[in-house]
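In our numbering, the protein residues as written are 23 to 195. The C-beta atom is built at its ideal place from N, Cα and C for all residues, glycine as well.
What follows is the structure, encoded as structure tokens:
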């Protein structure tokens, strides 16, 4: 099953835009072409917009708690989550991430890298530029070490994590 929706309800302030006896439920199997039809105002587009936003909230539950808050008032970590969620709305085949851990609290760093790992497992190809070498090598399959604008080392993430040069220069040992 590619998509299963159970009891979806969409609200705009005090008024409910989509509801059907506990919510709207439907399934989309791999290879299906599913149409959702209905009169204007029935909630067709509202349902689709809600589904596009649900993925961001599933990846970053904290954003669900802050959804009414302007983005500029979010913490640095929350803004980083929002930026990644925003990029994911386009369903990219390739995601370019630049220094995602910069300025984040350790708990936010861990959550962000867990999300990156999950996205990769879902089939998203990711190019990650990151200064937190330990976390980057922990999620990467392959890695490159740049020095003076040139590739100095390359290999699997495990190979580089075990490399004495990398350990001394980037992993504190």
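For residue 188, the three-state secondary structure derived from DSSP is helix.
When secondary structure is reduced to three states using DSSP, residue 47 falls in the strand class. A residue is called buried once 16 or more other Cβ atoms fall within 10 Å of its Cβ, and residue 100 is buried on that count.
The three-state secondary structure of residue 175, taken from DSSP, is strand. The DSSP assignment places 116-120 and 147-151 as complete runs of the beta strand (DSSP E) inside the segment 70-156, in order along the chain (cut-off: 3 residues). Between the beta-carbon of residue 116 and that of residue 147 there is about 5 Å, and that keeps the pair under the 8 Å contact cut. When secondary structure is reduced to three states using DSSP, residue 193 falls in the coil class, being assigned neither helix nor strand.
Residue 166 and residue 173 have their C-alpha atoms some 7 Å from each other.
The closest CA to that of residue 49, considering only 26, 124 and 30, is found on 26. Excluding the 5 residues flanking it on each side, residue 157 has same chain C-beta neighbours closer than 7 Å at 123, 131 and 135, in chain order. Taking 8 Å as the cut-off, the Cβ atoms of residue 187 and residue 168 do not count as close. Exposed is the label assigned to residue 95, since fewer than 16 other Cβ atoms lie within 10 Å of its Cβ.
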